[in-house]
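Student: Counted from 1, the sequence shown has number 83 at position 83 by the UniProt record's numbering; the numbering is strictly sequential.
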Amino acid sequence: MTQIVEACEMKTNTTPDFPMGWYSVSRSHELLVGEVKRVYAFDRELALYRTRSGVAVLQDAFCPHLGAHLGVEGRVVGESLRCPFHGWRFDTSGKCVEIPYCSEIPDRAQIRMWPTQEKNGEIYIWFHPENSAAQYDLPDLLELENEQWTAPRYAEFEVPAHIQDIAENSCDPVHFKYVHKTPDTPPSTVTIDDDGRILHLRSDASQSPHPHQLHATVFQPGLALVRTSYAPEAEMVVYNSALPIDRNTTLLRWTLCVRREIEDIVGDDVMNGIIEGIKQDYPIWANKVHKQRPVFCREDKTLVMFRKWVRQFYIEAKEQV
């Protein structure tokens, strides 16, 4: 019997759905009082605005009247957003509170609102595919308020890959040798908190040309804090808060800062080096497929742990996740 050659995996492979969690939709300083922005996330059009009292609000984009995009030419009026098409006005609960030319407001004149929280200099959305309430809190980035640390440096990268494939790097110490050209693979361990929620990777690179210790704390796919210690009082933190644009595109938002003791000596160098490293990861992410059932070898223990841990962020935890 003739055996048919299967189609290329680039055409047939599918990515997971969007994992539940907190995701950054904007830096806080990028949204001024009275400003309205268009946001595209989770394969959805959204409208983000800041009320006159300073509250950040995120809602579905399209007016229930005739479908105008409220994030494009919409206008903040007090604690509400006004449609640019016919002036219908919606408050922060999503309810229509004014139709300028009609005293009677239809009951169905409402817009879906998304839970938001402003913290760590960012505006976050809580995403859950079943619209459930937030199941855990955002972490505190204490270095941002600590005078012993530098002011944050920001970087953003749009990557054509699913958010899980990017997060998987945090449990893949072997790739540093081949992608980032380190001389060897540092001894690494992966642990998970007793409640199963937070994952930790610790690597000992004390024998490398630039000796350091690394501790990555992964709160969810796309939300992680990486602390690198070079010596006492010589540290750097990188906070990654990613946003799924769609199932094949992710926006990485990085916040970087270093201890002031090394600011003038190597502070810029270490932060620039981390930012430069994304150029080495990018070709891999941009051209890989998501393997639902990877072929792991015996030494892939950390990657196997990650695949098991990440299932909790999906409603239907499947083996192929």
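Note that beta-carbon positions come from the ideal geometry of N, C-alpha and C, so glycine has one too. The structure presented is a predicted model; accordingly, all values stated were derived computationally and were not measured.
Ile111 to Glu104, Cα distance in whole Å?
Tutor: One-based indexing of the sequence shown puts residue 111 at position 111. One-based indexing of the sequence shown puts residue 104 at position 104. Cα-Cα distance, rounded: 17 Å.
Student: Under the rule that 16 or more other beta-carbon atoms within 10 Å means buried, what is Gly296, buried or exposed?
Tutor: The residue labelled residue 296 in the question sits at position 296 within the sequence shown. For the record, residue 296 in the displayed sequence is Phe; it is not Gly. Phe296 is exposed by the Cβ-count criterion.
Student: Using 8 Å as the threshold, is the C-beta distance between Val25 and Ile166 below it?
Tutor: Looking up residue 25 in the sequence shown gives position 25. Looking up residue 166 in the sequence shown gives position 166. No, they are not a contact pair.
Student: On the DSSP bridge assignment, give the partners of Ser241 in chain order.
Tutor: Along the sequence shown, one-based indexing puts residue 241 at 241. Paired residues: Leu223.
Student: In three-state DSSP terms, what is Met305?
Tutor: Here residue 305 is taken as the residue at index 305 of the sequence shown, counted from 1. Met305 falls in the helix class under three-state DSSP.
Student: Are the CB atoms of Pro64 and Arg75 within a distance shorter than 8 Å?
Tutor: Here the question's residue 75 lines up with position 75 in the sequence shown. Here the question's residue 64 lines up with position 64 in the sequence shown. No, Cβ-Cβ distance for Arg75 and Pro64 is not below 8 Å.
Student: I need the DSSP call for Gln320, collapsed to helix, strand or coil.
Tutor: Residue numbering aside, residue 320 sits at position 320 when the sequence shown is read from its first letter. Because Gln320 carries a pLDDT of 43, less than 50, the predicted location of this residue cannot be relied on, and the following value inherits that uncertainty. Correct three-state label for Gln320: coil.
Student: For Met10, I'd like the list of residues in its chain whose CB is within less than 7 Å of its CB, leaving aside the five on either flank, ordered along the chain.
Tutor: What you label residue 10 is simply residue 10 of the sequence shown in a count that begins at 1. Correct list, in chain order: Val289.
Student: Tell me which same chain residues have a C-beta within less than 6 Å of the C-beta of Val226, skipping the five on either side of it?
Tutor: If you number the sequence shown from 1, residue 226 lands on position 226. Around Val226: Ala216, Val238.
Student: In terms of alpha-carbon separation, which member of Glu35, Cys257, Asp107, Pro221 lies closest to Ile23?
Tutor: To locate residue 23, count along the sequence shown from 1; it is residue 23. With the sequence shown as reference, residue 23 is identified as Tyr, and Ile is not the correct amino acid for it. If we check each option's Cα against that of Tyr23, Pro221 comes out closest.
Student: Relative to the alpha-carbon of Asp194, which residue among Pro183, His69, Glu147, Trp309 has its alpha-carbon at the smallest distance?
Tutor: To locate residue 194, count along the sequence shown from 1; it is residue 194. Taking only the C-alpha atoms, the option nearest Asp194 is Trp309.
Student: CB-CB under 6 Å to Ala242, same chain, minus the five flanking residues each way: which ones, in chain order?
Tutor: Start at 1 with the first residue of the sequence shown, and residue 242 comes out as number 242. Answer for Ala242: Ile163, Gly222, Thr250, Leu252, listed in chain order.
Student: Check the DSSP bridge columns for Phe90 and list the partner residues they point to.
Tutor: Locating residue 90 in the sequence shown gives position 90, where the first residue counts as 1. DSSP lists Leu81, Cys96 as partners of Phe90.
Student: Can you list, in chain order, the stretches of the alpha helix (DSSP H) that have 4 or more residues and sit fully within the region 163 to 189?
Tutor: DSSP runs (the alpha helix (DSSP H)) wholly in the region 163 to 189: 163 to 167, 175 to 178.
Student: Let me know if Gly71 comes out buried or exposed under the rule of 16 or more other beta-carbons within 10 Å of its beta-carbon.
Tutor: Position 71 of the sequence shown, counted from the start, is the residue given in the question as residue 71. Its Cβ being crowded by 16 or more others within 10 Å, Gly71 is buried.
Student: Are the beta-carbon atoms belonging to Leu142 and Gln117 less than 8 Å from one another?
Tutor: For the purposes of this step, residue 142 is identified with residue 142 of the sequence shown, where counting begins at 1. For the purposes of this step, residue 117 is identified with residue 117 of the sequence shown, where counting begins at 1. No. Outside cutoff.
Student: Ile278 and Phe157: beta carbons closer than 8 Å?
Tutor: For the purposes of this step, residue 278 is taken as the residue at position 278 of the sequence shown. For the purposes of this step, residue 157 is taken as the residue at position 157 of the sequence shown. Cβ atoms of Ile278 and Phe157: closer than 8 Å.
Student: Quick check: is any heavy atom of the ligand SAH less than 7 Å from the C-beta of Val218?
Tutor: Judged by which ligands are present, the structure shown has none, so any question about the ligand SAH falls away.
Student: Let me know the secondary structure DSSP gives Ile284 once reduced to three states.
Tutor: Here residue 284 refers to the residue found at position 284 when the sequence shown is read from its first residue. Helix.
Student: Report the three-state DSSP secondary structure of Gln117 (helix, strand or coil).
Tutor: On the sequence shown, residue 117 is found 117 positions in, with the first residue counted as 1. Three-state DSSP puts Gln117 in a strand.
Student: So Thr255 is in the beta strand (DSSP E); what residue range does that whole segment cover?
Tutor: Here residue 255 refers to the residue found at position 255 of the sequence shown. 249 to 258 is the extent of the beta strand (DSSP E) around Thr255.
Student: Have a look at Ala155, Val190, Ala161 and flag the residue whose alpha-carbon is nearest the alpha-carbon of Asp172.
Tutor: By 1-based counting over the sequence shown, the position of residue 172 is 172. It is Val190.
Student: Which residue marks the beginning of the alpha helix (DSSP H) containing Lys11, and which one marks its end?
Tutor: Numbered from 1 along the sequence shown, position 11 holds the residue referred to as residue 11. Per DSSP, Lys11 belongs to the alpha helix (DSSP H) from 9 to 12.
Student: Helix, strand or coil for Ser132? Go by DSSP, reduced to three states.
Tutor: Along the sequence shown, read from residue 1 onward, the residue named residue 132 stands at position 132. In this structure, Ser132 counts as coil in the three-state DSSP scheme.
Student: With a 10 Å radius around its C-beta and 16 neighbouring C-beta atoms as the bar for buried, classify Arg298 as buried or exposed.
Tutor: For the purposes of this step, residue 298 is taken as residue 298 along the sequence shown, with counting starting at 1. Looking at its Cβ environment, which holds fewer than 16 other Cβ atoms inside 10 Å, Arg298 is exposed.
Student: Quick check: the region 227 to 235 against the region 207 to 214, are there 3 or more CB pairs under 8 Å?
Tutor: Counting Cβ pairs under 8 Å, three or more are found: they touch.
Student: So, with DSSP's three-state summary, where would you put Arg202?
Tutor: On the sequence shown, residue 202 is found 202 positions in, with the first residue counted as 1. Arg202 falls in the strand class under three-state DSSP.
Student: Are the CB atoms of Arg38 and His86 within a distance shorter than 8 Å?
Tutor: Taking the first residue of the sequence shown as position 1, residue 86 is located at position 86. Taking the first residue of the sequence shown as position 1, residue 38 is located at position 38. No, these two residues do not count as a Cβ contact at 8 Å.
Student: Indicate the three-state DSSP secondary structure (helix, strand or coil) for Asp246 in the structure shown.
Tutor: Position 246 of the sequence shown, counted from the first residue, corresponds to residue 246. Strand.
Student: Pull up the distance between the alpha-carbon of Gln320 and that of Thr14, whole angstroms please.
Tutor: Numbered from 1 along the sequence shown, position 320 holds the residue referred to as residue 320. Numbered from 1 along the sequence shown, position 14 holds the residue referred to as residue 14. With a pLDDT of 43 at Gln320, under the threshold of 50, the modelled position of this residue cannot be trusted; read the value that follows with caution. Straight-line Cα distance between these residues: approximately 10 Å.
Student: Considering Phe296, what are the terminal residues of the beta strand (DSSP E) in which it resides?
Tutor: Residue mapping note: residue 296 aligns to position 296 of the sequence shown, counting from 1. It is not in any beta strand (DSSP E) - Phe296 carries neither H nor E in the DSSP assignment.
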